[in-house]
Ligand code: OGA
Ligand code: MN
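Here is the structure:
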C-alpha cells in the first residue's frame with residue numbers, strides 16, 4: 001500500500017493540474033488512472049463484500065418531505081463512507097481526493113472545504129435519469145467526482161456516464177480507475193443502464209453555502 005505522502009505527491013503534480021485545466025475550460029474532466037490499480041481493486045472488493053452483506057440502501061431523491069426512493073428515476077443502492085472509520089483503501093482514496101481538492105483550490109480558487117462520498121451499485125438494467133447534483137434548497141455541492149470500480153468493463157457492458165456539456169453529450173465508460181469530475185451545479189448528467197453490475201465510488205467537494213449572502 002502506498003503511503004499517503006506518495007499519494008499526495010502524485011496528485012499535486014501534472015495529473016491534478018491537467019484535470020483542473022480541463023475542468024475550468026469544459027466544466028468536466030476525466031482521468032483513467034486516478035489511483036493505483038491495487039487500491040481500486042481493494043475498493044471494489046470492499047464494495048462487493050458490503051453489497052453481498054446487505055449493507056447498501058436504495059438511494060433516494062431530494063430531501064425532507066420530498067425525499068423518497070424512486071426506482072423509476074434512480075435504481076442504484078448506496079453506502080456512505082464514514083470519514084472517521086475509513087479502511088486502508090478508503091483512506092488512500094480520501095487522501096487522493098484531498099490532494100485533488102487542494103489542487104483545484106490552488107489553481108481555480110474554488111474554496112472547496114470537504115468531501116462526502118458513497119459507494120453506489122447499479123444492478124443490471126438500472127439507471128439514473130438526467131439530473132444535476134444539487135438539491136433545490138442547498139448549494140454546498142460544487143464538484144462531483146465519480147470513481148469507477150469495474151475491471152474488464154467493455155463498451156457493450158453499457159453503464160456509461162453521459163454528461164450534457166457543450167453541444168454533443170460526452171459519454172464515459174465506468175472502467176476501473178477512471179475518475180470523472182464535473183461541476184455539480186451546471187452539468188446535467190445521467191447513468192445509462194448496464195448489462196453487468198456496476199460499482200462506483202462517488203464523491204462531492206462541498207463549500208460553504210452562499211444562500212443568504214448572495215442575492
Ligand atoms: C450520482 C451520479 C454518476 C455515476 O450519484 O449523482 O450521477 O456515474 N452518479 O455513477
Ligand atoms: Mn449525479
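Numbering (my numbering), first residue to last: 1 to 215.
Where a beta carbon is used, it is the ideal one built from N, C-alpha and C, also for glycine.
Which listed residue (the options) has its alpha carbon closest to that of residue i
{"i": "residue 78", "options": "212, 201 and 205", "result": "201"}
{"i": "residue 126", "options": "92, 59, 103 and 187", "result": "59"}
{"i": "residue 75", "options": "185, 123 and 51", "result": "123"}
{"i": "residue 28", "options": "182, 208, 203 and 190", "result": "182"}
{"i": "residue 207", "options": "39, 114, 154 and 170", "result": "114"}
{"i": "residue 25", "options": "50, 107, 33 and 39", "result": "107"}
{"i": "residue 158", "options": "193, 152, 165 and 139", "result": "193"}
{"i": "residue 135", "options": "23, 16 and 185", "result": "185"}
{"i": "residue 92", "options": "37, 133, 139 and 120", "result": "37"}
{"i": "residue 82", "options": "16, 15, 118 and 137", "result": "118"}
Assigned exposure category for residue i - 16 Cβ within 10 Å defines buried
{"i": "residue 131", "result": "exposed"}
{"i": "residue 150", "result": "buried"}
{"i": "residue 213", "result": "exposed"}
{"i": "residue 128", "result": "buried"}
{"i": "residue 210", "result": "exposed"}
{"i": "residue 32", "result": "exposed"}
{"i": "residue 216", "result": "The chain is shown from 1 up to 215; residue 216 falls before or after that span and cannot be answered."}
{"i": "residue 163", "result": "buried"}
{"i": "residue 204", "result": "buried"}
{"i": "residue 96", "result": "buried"}
Whole-angstrom distance between residue j and residue i, CA atom to CA atom
{"i": "residue 44", "j": "residue 199", "result": "7 Å"}
{"i": "residue 104", "j": "residue 112", "result": "8 Å"}
{"i": "residue 143", "j": "residue 53", "result": "30 Å"}
{"i": "residue 94", "j": "residue 147", "result": "12 Å"}
{"i": "residue 176", "j": "residue 161", "result": "13 Å"}
{"i": "residue 180", "j": "residue 116", "result": "16 Å"}
{"i": "residue 35", "j": "residue 196", "result": "23 Å"}
{"i": "residue 56", "j": "residue 167", "result": "36 Å"}
{"i": "residue 189", "j": "residue 170", "result": "9 Å"}
{"i": "residue 20", "j": "residue 40", "result": "22 Å"}
{"i": "residue 47", "j": "residue 165", "result": "30 Å"}
{"i": "residue 87", "j": "residue 49", "result": "13 Å"}
{"i": "residue 174", "j": "residue 153", "result": "7 Å"}
{"i": "residue 23", "j": "residue 145", "result": "11 Å"}
{"i": "residue 141", "j": "residue 191", "result": "19 Å"}
{"i": "residue 99", "j": "residue 30", "result": "16 Å"}
{"i": "residue 90", "j": "residue 178", "result": "16 Å"}
{"i": "residue 138", "j": "residue 14", "result": "33 Å"}
Reduced DSSP secondary structure (H/G/I, E/B, other) of residue i
{"i": "residue 14", "result": "helix"}
{"i": "residue 77", "result": "strand"}
{"i": "residue 38", "result": "helix"}
{"i": "residue 180", "result": "strand"}
{"i": "residue 47", "result": "helix"}
{"i": "residue 94", "result": "helix"}
{"i": "residue 200", "result": "strand"}
{"i": "residue 207", "result": "coil"}
{"i": "residue 85", "result": "helix"}
{"i": "residue 100", "result": "helix"}
{"i": "residue 137", "result": "coil"}
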